[in-house]
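Listed in order, the protein sequences are those of chains Z and U. Residue numbers for the first sequence, in this note's numbering: 1 to 249. Residue numbers for the second sequence, in this note's numbering: 1001 to 1249. The beta-carbon is built from N, C-alpha and C at its ideal position, and this holds for glycine as well. Fair warning: this is a prediction, and the values are worked out from it, not measured in the lab. Down below is the structure, laid out as structure tokens.
Number of protein chains: 2
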Amino acid sequence: MLTILPVKGLPDIKKGDDLGKLILGKVEDQGDEFQQGDIAVVSQKIVSKAEGRILPLSKIIPSDFAKTIATETGKDPRQVEVVLRESKKIIRMRAGHLITETSHGFICANAGVDQSNVGTERDSVTLLPRDSDASADGIRKTIHHTTGKDVPVIITDTFGRAWRIGQVNFAIGISGMKPIHDYRGTKDMYRQTLQVTEIAVADELASAAELVMNKADRVPVAIVRGYRAPRGRGRVKDLIRPEEFDLFR
Amino acid sequence: MLTILPVKGLPDIKKGDDLGKLILGKVEDQGDEFQQGDIAVVSQKIVSKAEGRILPLSKIIPSDFAKTIATETGKDPRQVEVVLRESKKIIRMRAGHLITETSHGFICANAGVDQSNVGTERDSVTLLPRDSDASADGIRKTIHHTTGKDVPVIITDTFGRAWRIGQVNFAIGISGMKPIHDYRGTKDMYRQTLQVTEIAVADELASAAELVMNKADRVPVAIVRGYRAPRGRGRVKDLIRPEEFDLFR
Chain Z
1 MLTILPVKGL PDIKKGDDLG KLILGKVEDQ GDEFQQGDIA VVSQKIVSKA EGRILPLSKI
61 IPSDFAKTIA TETGKDPRQV EVVLRESKKI IRMRAGHLIT ETSHGFICAN AGVDQSNVGT
121 ERDSVTLLPR DSDASADGIR KTIHHTTGKD VPVIITDTFG RAWRIGQVNF AIGISGMKPI
181 HDYRGTKDMY RQTLQVTEIA VADELASAAE LVMNKADRVP VAIVRGYRAP RGRGRVKDLI
241 RPEEFDLFR
Chain U
1001 MLTILPVKGL PDIKKGDDLG KLILGKVEDQ GDEFQQGDIA VVSQKIVSKA EGRILPLSKI
1061 IPSDFAKTIA TETGKDPRQV EVVLRESKKI IRMRAGHLIT ETSHGFICAN AGVDQSNVGT
1121 ERDSVTLLPR DSDASADGIR KTIHHTTGKD VPVIITDTFG RAWRIGQVNF AIGISGMKPI
1181 HDYRGTKDMY RQTLQVTEIA VADELASAAE LVMNKADRVP VAIVRGYRAP RGRGRVKDLI
1241 RPEEFDLFR
């Protein structure tokens, strides 16, 4: 049996806030505590805020290239300028859509630059954490230091998908577990080798946690209890398909 | 709080088996019962078996086209023949990879034609259910008829993704709920309109349930308890992006 517990009531996160400590406080307020085997799933938005990855668009001067793309896609040229600064490559664009490869290697809309839930300040955007594995690592270390429990941490963000409507949450940062359950060499129940060999469990955990993270409310953290995570040192790069093996660039 | 319960100990499924009844029996064996608000998540493999969607490859005579593609992709020409019969279009192919659009509109490897966990019979493959919403509907009706509880049902299969390594479970059939939580028009906690507007919760539920469905074991069913599913009549087609709006064909 697997349980997913929302962590409620976190305050508005400001630059410099210690997310690990704030999460621990709220878990305690709920009359709970971290247990060995728990996994903490944390939404990108609060990580970006704690790391000061917020930009006021009023201070952005768009380049000519950003202006051109803004015209093509129907977007705010200042936002496009920020998206381009966060990107290595433009993957697709069309009216309303700008899909790029971020500096981390994620392929997503607007390089993860987002305007919702940024704060009362108008016209600000959040950027993805610079190194989201390190962000996850920091939270994990605080939890470990305080509780003695080694709790894997996954940072998540919302992704659109090719071919399917609607977004789901996937992992953008990992600490304390491998993101993939590797069944290669495992036999199925009829002793035949399994064809499906690598399950992206960190992405499945991200999606599962999203189910308790109501977007309109203040539930940016969830605890997954009762899942045996693949042990080992993992990083989100293990989930990114190298360009030369990707059929959909 | 959300709970995901594995349903264990289902027998080897044969053509004509009543999955709804078998699931109800095992839930009872576990000392549990369906509750209003539960969602039943069922793996495609047992649905295909119950519906007789199994083919012995020994009876398949591959066409010349299938032979050509088998050579290009390094696959069994008989399996390729079956894949082509299940497909509307070839989307990509390369050594080891054949990604097609199925008759339902899913874009996936080998049109969902799969060799693992088929049975003791060698050289058989399972095909996706012909109408997986109808499959879900049948299971839901049996549960409703027997227990009086209206339990939404999701049929799931394992999908690879563009850009990311590893597979996750997504929905291929739905009954009794809408697959998408539509936030359009909703304000975020700062009263700004949310940018991420449509969450594919049926896919997130499929991924969440996979976490208790150990591929090597006999856990093809899970119950999700404590999630408030979007009400209404849904179908899996709501999750399929029409070709004209898809940037990654």
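Neighbouring residues, chain U, relative to residue i (Cβ below 7 Å)
i: Z:Val212; result: Leu1002
i: Z:His97; result: Leu1247
i: Z:Ile154; result: Near Z:Ile154 there are no residues of chain U at all, since even the closest Cβ is about 13 Å away, more than 7 Å.
Contact list for residue i against chain U, beta-carbon separation under 9 Å
i: Z:Ala40; result: Simply none; closest approach about 15 Å.
Cutoff 8 Å; reference residue i; Cβ partners in own chain excluding five residues on either side
i: Z:Lys21; result: Thr142 and Thr146
i: U:Arg1228; result: Gly1037
i: U:Thr1073; result: Val1080, Met1093, Arg1094, Ala1095, Gly1096, His1097 and Leu1098
i: U:Pro1129; result: Gln1044, Val1047, Ser1048, Glu1051, Arg1053, Ser1135, Ile1155, Ile1172 and Gly1173
i: U:Glu1086; result: Thr1100, Thr1102, Ser1103, Ala1111, Gly1112, Val1113, Leu1127 and Leu1128
i: U:His1144; result: Asp1150 and Val1151
8 Å Cβ cut-off: residues of chain Z touching residue i
i: U:Glu1204; result: Val168, Asn169, Ser207, Ala208, Glu210 and Leu211
i: U:Asp1238; result: Ile165
Minimum Cβ-Cβ distance from residue i to chain Z less than 8 Å
i: U:Ala1200; result: yes
i: U:Leu1005; result: yes
i: U:Ile1180; result: yes
Residue i: first and last residue of the uninterrupted alpha helix (DSSP H) it sits in
i: U:Pro1062; result: Careful: U:Pro1062 lies outside any alpha helix (DSSP H) and carries neither H nor E.
i: U:Leu1022; result: Leu1019 to Asp1029
i: Z:Pro77; result: Pro77 to Arg85
Proximal residues to residue i (C-beta, below 7 Å), its chain only, five neighbours per side dropped
i: Z:Gln115; result: Val125
i: Z:Pro230; result: Met177, Lys178, Ile180, His181 and Val201
i: Z:Arg153; result: The identity of residue 153 of chain Z in the sequence shown is Val, whereas the question assumes Arg. Cβ within range, chain order: Ala40, Val42, Ala136, Ile139, Arg140, Ser175 and Gly176.
Chain-ordered chain Z contacts of residue i [CB-CB under 7 Å]
i: U:Arg1161; result: Arg161
i: U:Arg1241; result: Trp163, Arg164 and Ile165
First and last residue of the uninterrupted beta strand (DSSP E) at residue i
i: U:Ile1039; result: Ile1039 to Ser1043
i: Z:Pro56; result: Ile54 to Pro56
i: U:Ile1107; result: Ile1107 to Ala1109
i: Z:His97; result: His97 to Thr102
i: U:Ile1004; result: Leu1002 to Val1007
i: U:Val1125; result: Ser1124 to Thr1126
Min CB distance residue i to chain U below 8 Å
i: Z:Ile107; result: yes
i: Z:Arg94; result: yes
Within chain Z, partners of residue i - CB distance below 9 Å
i: U:Leu1055; result: The contacting residues do not exist; U:Leu1055 stays about 16 Å from chain Z at best.
Chain-order list of residues whose beta-carbon lies under 6 Å from that of residue i (same chain, five-residue window excluded)
i: Z:Leu84; result: Ala66
i: Z:Leu19; result: Ala50 and Ile139
i: U:Leu1005; result: Ile1223
i: Z:Glu198; result: Ile180 and Asp182
i: Z:Val221; result: Val7, Ile23 and Val42
i: Z:Asp17; result: Ala50
i: Z:Arg78; result: Leu57, Ile60 and Pro62
i: U:Gly1160; result: Ala1109 and Gln1167
>> Which complete alpha helix (DSSP H) runs does the segment 198-227 of chain Z hold, if anything under 4 residues is left out?
In response: DSSP assignment within the segment 198-227 of chain Z yields the following whole alpha helix (DSSP H) runs of 4 residues or more, N-terminal first: 201-210.
> Going along the chain, which unbroken runs of the alpha helix (DSSP H) with 4 or more residues stay wholly within the segment 140-191 of chain Z?
Replying inline: Listed in chain order, nothing qualifies, since the segment 140-191 of chain Z has no complete alpha helix (DSSP H) run of 4 or more residues.
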